[in-house]
Amino acid sequence: QNHSSKYAQFEFMVTKRNQSEWETNDRFSENPFKNHGLWNHDVVEVFLQCRADEKDHYSSPYLELQVSPLNQSFALLIKKPREHFLPLENLNFQHRSVVEGKTWKATLWVELPDELLEKEFLPSKELHLFGGFFSCLGRSPREFYSLEELPEGEVDFHRPELFLPLGQIWES
Numbered sequence: 006q007n008h009s010s011k012y013a014q015f016e017f018m019v020t021k022r023n024q025s026e027w028e029t030n031d032r033f034s035e036n037p038f039k040n041h042g043l044w045n046h047d048v049v050e051v052f053l054q055c056r057a058d059e060k061d062h063y064s065s066p067y068l069e070l071q072v073s074p075l076n077q078s079f080a081l082l083i084k085k086p087r088e089h090f091l092p093l094e095n096l097n098f099q100h101r102s103v104v105e106g107k108t109w110k111a112t113l114w115v116e117l118p119d120e121l122l123e124k125e126f127l128p129s130k131e132l133h134l135f136g137g138f139f140s141c142l143g144r145s146p147r148e149f150y151s152l153e154e155l156p157e158g159e160v161d162f163h164r165p166e167l168f169l170p171l172g173q174i175w176e177s
């Protein structure tokens, strides 16, 4: 079954809290699969995961998308956080960043890849989209922002169990 007609679009507006410049690095390319380390600079991040229900977060892969104020991007399919991940060379991912002084607006658009949608172990269940939304800003001290509440301690966005429900995708 081809699910290529499933898309997601997100818009961020980030306003700097201090007078510092945006933390960027122009050495990163336009290729989102070669920008490893982009997250060490100012980025907005979207994590997307399809699953049958709230409890299915450990068995489902998720997509990580990042965009910088310079419109550089990074994308990976995460099969197991910090252990098994890979680039999706055929990913249809578009983005746009506009910076006006202390305000940065970023738009991300992605066609949900088959690797996220085709679930061999879910042949007859509804599939729901869950997501995490973050921004990483500054150099020292580094500032992290999240739409969902994160536990105290070291910042870790790779927590699918904390992703928010975004809606039903399809019912087979």
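Residue numbers for the sequence shown follow our numbering, so the first one is 6 and each next one is one higher. All C-beta atoms in this analysis are idealised placements derived from N, C-alpha and C, irrespective of residue type, glycine included.
Query                                                                                                         : Result
Residue 29 versus residue 36 - alpha carbon distance                                                          : 16 Å
Sub-7 Å separation of residue 54 and residue 65 beta-carbons                                                  : yes
Rounded straight-line distance, which links the Cα of residue 17 to that of residue 122                       : 25 Å
Burial state of residue 129, where buried means 16 or more other Cβ atoms lie within 10 Å                     : With a pLDDT of only 48 at residue 129, under the threshold of 50, the placement of this residue in the model should not be trusted, and no figure is reported.
Proximity below 7 Å, CB of residue 168 to CB of residue 139                                                   : no
Range covered by the beta strand (DSSP E) that runs through residue 131                                       : 131–142
Nearest residue (CA-CA) to residue 94, options 157, 165, 151 and 68                                           : 68
Buried versus exposed call for residue 46 [16 or more other C-beta atoms within 10 Å across all chains shown] : buried
Of the listed residues 14, 25 and 107, nearest to residue 145 (C-alpha basis)                                 : 25
DSSP three-state assignment for residue 166, whether helix, strand or coil                                    : helix
Boundaries (first-last residue) of the alpha helix (DSSP H) holding residue 122                               : 119–122
Residue 160 - containing beta strand (DSSP E), residue span                                                   : From DSSP, residue 160 is part of no beta strand (DSSP E); its letter is neither H nor E.
Backbone secondary structure at residue 44 - three-state DSSP                                                 : helix
Candidates 102, 112, 116 and 73, of which the one nearest residue 96 by Cα                                    : 116
Beta carbon of residue 86 nearer than 7 Å to that of residue 38                                               : no
CB of residue 51 within 7 Å of CB of residue 98, strictly                                                     : no
Beta bridge counterpart(s) of residue 29 as assigned by DSSP                                                  : None; residue 29 has no bridge partner.
8 Å contact criterion, which residue 40 and residue 78 should meet: CB distance rounded                       : 7 Å
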